[in-house]
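Counting from 503, one number per residue, gives the positions in the sequence shown under our numbering.
The C-beta atom is built at its ideal place from N, Cα and C for all residues, glycine as well.
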Amino acid sequence: MSKKTALISDFDGTVSDSDFFWKVVDKYMDEAALEPWRMYLAGRLTHFEALKRIFSQIRVPEADLRNFIKEIKIDSHFQEAAGICQGQGIPFYICSAGCDYYIKILIGGIIDCYGINLIANHGTYTPQNGLEMSAPAGRFYDAAVGVSKKAVVEFLQGQGYRVIYAGDGLPDVAAAQVADVVFARDMLLEKCRKQKFSCKKLNSFADICQYLLKEEG
Ligand SMILES: [Mg+2]
């Protein structure tokens, strides 16, 4: 490959096995707590505001929350992909419409070890106020989801990178539409197929590792 490559991945449901948001609702909340999500689906709240309101309802000792987070499964080939990127000088970005609080608990060590760039909303937790989420200021800010993944793709393309994008959900669609290579699962895979733009099915990060080794090695 003559053009330099960058890899961007969503976190929830892509690096992790499913969304933190759904896990937290299942574990700690009742049906009424999902009202912000219904408002989002009805177009009356942004994705960011819906998540923010739901996260703020968590009321458990922080140690319990951290233990709960540590049980979330991470793709078993994720670290291998990070190693390939580091070895081949491929910038690796994790872009999330969720928040850095649980991402850092889960993969903070890998992020630091392999020099991964994390672009996500910020979260702080107290049992009094729950998980408080704030959007990052700056060039990647987006009012609807906090972080514009599409803006990150375009920023890297502007730097001359061919961008590989991996994701699973609706906040990934706009980014996938402009990326050069797309690995998709679940909702994003359905959208790609419906809108007829090409993508590869993402079963696990093993697919990305294989692709990087074949295309970039
Ligand atoms: Mg996701």
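If you drop the 5 nearest sequence neighbours on each side, which residues of the same chain put their C-beta closer than 7 angstroms to that of residue i?
i, result
"A646", "T548, H549 and F550"
"L690", "G669, D670, G671, D674, V675 and A678"
"Y530", "I560 and V562"
"D528", "none"
"L620", "I596, D602, I605 and I613"
"A708", "H579"
"W539", "A552 and I556"
"V665", "A508, I510, V655, L658, Q659, A681 and D682"
"K693", "V675"
For residue i, which residues of its own chain have a beta-carbon under 6 angstroms away from its beta-carbon, when the five flanking residues on both sides are left out?
i, result
"Y616", "A584 and Q588"
"P593", "A508"
For residue i, which residues in the same chain have their Cβ closer than 8 angstroms to its Cβ, ignoring the five residues on either side in sequence?
i, result
"Y657", "A small correction: the amino acid at residue 657 is Phe; Tyr does not occupy that position in the sequence shown. Cβ within range, chain order: R641 and F642."
"I612", "F580, Q581, A584 and I618"
"G632", "F557, S558, Q559, I560 and R561"
Roughly how many angstroms lie between the CA atoms of residue i and residue j, to the nearest whole one?
i, j, result
"I586", "L714", "8 angstroms"
"G545", "L553", "14 angstroms"
"Q697", "E564", "43 angstroms"
"N705", "F523", "21 angstroms"
"Q630", "S558", "9 angstroms"
"F570", "D514", "15 angstroms"
"L567", "Y542", "25 angstroms"
"A686", "F699", "11 angstroms"
"E720", "S520", "Because residue 720 is not part of the residues shown, which for the chain are 503 to 719, the question remains open."
"Y628", "E533", "Residue identity differs from the one stated: residue 628 is Thr in this sequence, not Tyr. Roughly 23 angstroms between the two C-alpha positions."
"G600", "D512", "9 angstroms"
"A639", "I576", "28 angstroms"
"C711", "K506", "16 angstroms"
"T516", "G662", "25 angstroms"
Am I right that residue i and residue j are in contact with their C-beta atoms under 8 angstroms? What's the rounded C-beta distance?
i, j, result
"G648", "E634", "Contact flag wrong, Cβ pair sits at about 13 angstroms."
"V680", "I510", "The Cβ separation is near 11 angstroms, so there is no contact."
"I574", "S650", "Rounded, the Cβ-Cβ distance is 25 angstroms, inconsistent with contact."
"A637", "S598", "Their Cβ separation, rounded to whole angstroms, is 12 angstroms, which puts A637 and S598 out of contact at 8 angstroms."
"I607", "K572", "7 angstroms"
"K702", "V684", "7 angstroms"
Would you mind listing the beta strand (DSSP E) stretches within the segment 556–599 that are 3+ residues and don't spill past its ends, in chain order?
The beta strand (DSSP E) runs of length 3 or more contained entirely in the segment 556–599 do not exist; there are none.
Uninterrupted beta strand (DSSP E) stretches inside the segment 665–715 (no shorter than 3 residues)
Fully enclosed beta strand (DSSP E) runs of 3 or longer: 683–686.
Please list, in chain order, all residues with a C-beta atom less than 5 angstroms from at least one heavy atom of ligand 1.
That gives D512, D514, G515, D670 and G671.
Starting from the N-terminal side, write out each stretch of the beta strand (DSSP E) that is 3 residues or longer and does not extend beyond the segment 592–651.
Counting only runs of 3 or more, we get 594–601, 619–628 and 632–636.
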